[in-house]
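Chemist: Numbering-wise, the sequence shown is residues 1 to 153 according to this note's numbering.
Each residue gets a CB set at the ideal place from its N, CA and C atoms; glycine is no exception.
All figures in this text were calculated on a predicted structure; none of them were measured in a lab.
After the C-alpha cells below, expect a handful of questions from me.
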Amino acid sequence: MSTREKEASKKEVTLLSKMKHPNIVSFIASFQERGNLYIVMEFCDGGDLMKKINMQRGLLFSEDQVVDWFVQICLGLKHIHDRKILHRDIKAQNIFLTSGGRKAKLGDFGIARMLNNTMEMARTCVGTPYYLSPEICENRPYNNKTDIWGLGC
Numbered sequence: 001m002s003t004r005e006k007e008a009s010k011k012e013v014t015l016l017s018k019m020k021h022p023n024i025v026s027f028i029a030s031f032q033e034r035g036n037l038y039i040v041m042e043f044c045d046g047g048d049l050m051k052k053i054n055m056q057r058g059l060l061f062s063e064d065q066v067v068d069w070f071v072q073i074c075l076g077l078k079h080i081h082d083r084k085i086l087h088r089d090i091k092a093q094n095i096f097l098t099s100g101g102r103k104a105k106l107g108d109f110g111i112a113r114m115l116n117n118t119m120e121m122a123r124t125c126v127g128t129p130y131y132l133s134p135e136i137c138e139n140r141p142y143n144n145k146t147d148i149w150g151l152g153c
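Take a look at the structure:
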C-alpha cells in the first residue's frame with residue numbers, strides 16, 4: 001500500500017469506529033500485520049443491493065420492500081450526517097443486506113469525509129460517475145445534500 005492509501009485506510013477506521021447504528025455496517029476491529037492494515041467488518045449475508053437487483057433478473061421488488069430499504073438507508077444516512085460525515089459514494093454496491101435481505105445497511109466509507117461543522121463544504125471531486133451530484137460535476141463545493149442526490153439515483 002502506498003502512504004496515501006495507508007492514510008486513507010486509517011481515516012476510514014477512525015470514521016467507522018465512531019459509527020454505531022443498526023443501518024450501518026458495523027466496525028469490529030482493525031489491526032496491522034506485515035505493513036498491511038486489516039479492517040474487520042460485520043458480515044452481511046445478503047451481499048450488496050446491486051447483487052440482489054441483478055439476481056431478480058428483471059423481476060420487480062415489491063413497493064413495500066423498496067420503501068423499507070429506502071427508509072433504513074435514510075436512517076443510516078441521517079446518523080452519519082448528524083456526525084458531520086459525508087459518505088460521498090452512495091450507490092447500490094455500497095448498500096448491504098442482512099437478515100435474509102430484510103435489513104439494509106450503509107457501508108464502504110473509503111472516500112467518506114468528516115466536516116468540521118454542518119455549514120462546511122467539501123470540494124474534492126470523488127464518487128461514482130452515474131451517482132455524482134450536479135455540484136460535484138460542476139466542480140462546486142458541496143455538503144450532505146450530495147449524499148441525498150446519490151440516494152435518489
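Using three-state DSSP, classify R4 as helix, strand or coil.
Modeler: Here residue 4 is taken as the residue at index 4 of the sequence shown, counted from 1. The answer is helix: DSSP assigns R4 an H, G or I state.
Chemist: With L97 and L49 assumed to form a contact (beta carbons below 8 angstroms), what rounded beta-carbon distance in angstroms separates them?
Modeler: Translated into the one-based positions of the sequence shown, residue 97 becomes position 97. Translated into the one-based positions of the sequence shown, residue 49 becomes position 49. The pair is a contact, with the Cβ atoms about 6 angstroms apart (cut-off 8 angstroms).
Chemist: Once you ignore the five residues that flank V67 on each side, which residues in its own chain have a CB closer than 7 angstroms to its CB?
Modeler: As a working note, residue 67 is residue 67 in the sequence shown. So no residue of the chain qualifies.
Chemist: So I28 is in the beta strand (DSSP E); what residue range does that whole segment cover?
Modeler: Stepping through the sequence shown from its first residue, residue 28 is reached at position 28. Where I28 is concerned, the enclosing beta strand (DSSP E) stretches over 27-33.
Chemist: Where does E120 sit, in a helix, a strand or coil, going by DSSP?
Modeler: Working through the sequence shown from its first residue, we reach residue 120 at position 120. With a pLDDT of 49 at E120, under the threshold of 50, the modelled position of that residue is not reliable, and no figure is offered here.
Chemist: Does L37 come out as helix, strand or coil in the three-state DSSP assignment?
Modeler: Sequence index remark: in the sequence shown, residue 37 carries index 37 (1-based). Three-state DSSP puts L37 in a strand.
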